[in-house]
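J.: Input: one structure, supplied below.
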Amino acid sequence: MKLLLTAAALVALAGTAEAKVPFFNATCGSGIDVHADEGGPVYIGGQQANLKKVNNSYYEAKLGSTTISISINPDGSFDAMYTGAHGANGVCNVAAEESFSNDAGTCPPDVSQADRYKYPACN
Numbered sequence: 001m002k003l004l005l006t007a008a009a010l011v012a013l014a015g016t017a018e019a020k021v022p023f024f025n026a027t028c029g030s031g032i033d034v035h036a037d038e039g040g041p042v043y044i045g046g047q048q049a050n051l052k053k054v055n056n057s058y059y060e061a062k063l064g065s066t067t068i069s070i071s072i073n074p075d076g077s078f079d080a081m082y083t084g085a086h087g088a089n090g091v092c093n094v095a096a097e098e099s100f101s102n103d104a105g106t107c108p109p110d111v112s113q114a115d116r117y118k119y120p121a122c123n
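With the first letter of the sequence shown counted as 1, position 104 gets the number 104 in the working numbering; the numbers rise by one all the way through.
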């Protein structure tokens, strides 16, 4: 009986998933740049922040008066919010992963001036 209870406890523990800090780049407020490597660390303004795990799906990265709160949803998506000095707060704008063209020999006719750096043939 004791062996059965031990085995059941191990199976239950094996089934718990732990979300880690996702890889992302974001801008919060008026120019607070945030970078997180998968699993940590988190950088605020280029400096490594103190990362605190609140629970399996919520982390806080703090540097000075700035705190970045990272909430991981059950589907793997996440939200990043910030609080700062003098009551500053808001949602961080997470940069989308961009796909760069591997075809260096062509310049798409509809490429914008802002995106020309992605295509060597356009320069």
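Ideal placement from N, C-alpha and C gives every residue a C-beta, glycine not left out. As the structure is a prediction and not an experimental result, all values here were calculated from the model.
Using CA coordinates, which residue listed in Asn55, Gly40, Asn93, Lys52 is at the minimum distance from Ser30?
T.: Asn93
J.: Rounded to whole angstroms, what's the CA-CA distance from Asn89 to Thr106? Just pull it up for me.
T.: Taking the straight line from one Cα to the other gives about 44 angstroms.
J.: Return the CA-CA distance between Met81 and Ile70, expressed in angstroms with no decimal places.
T.: 7 angstroms
J.: Taking only runs that begin and end inside the stretch 24–77, name each unbroken beta strand (DSSP E) of 3 or more residues, in chain order.
T.: 24–28, 32–36, 42–44, 50–55, 58–63, 66–72
J.: Alpha carbon to alpha carbon, what distance is there between Val34 and Ser65?
T.: 14 angstroms
J.: Pick out whichever of Ala61, Asn56, Ser57, Ile44 has its Cα sitting closest to the Cα of Gly50.
T.: Reading off the sequence, residue 50 comes out as Asn, not Gly. Measuring from the Cα of Asn50, the nearest candidate turns out to be Ala61.
J.: Going by the beta-carbon positions, is the gap between Ile68 and Ile44 smaller than 9 angstroms?
T.: It is a contact, given that the beta carbons lie within the stated cut-off.
J.: Any idea which residues DSSP pairs Gly90 with across the strands?
T.: Tyr82
J.: Whole angstroms are fine: how far does the CA of Asn25 sit from the CA of Glu38?
T.: 11 angstroms
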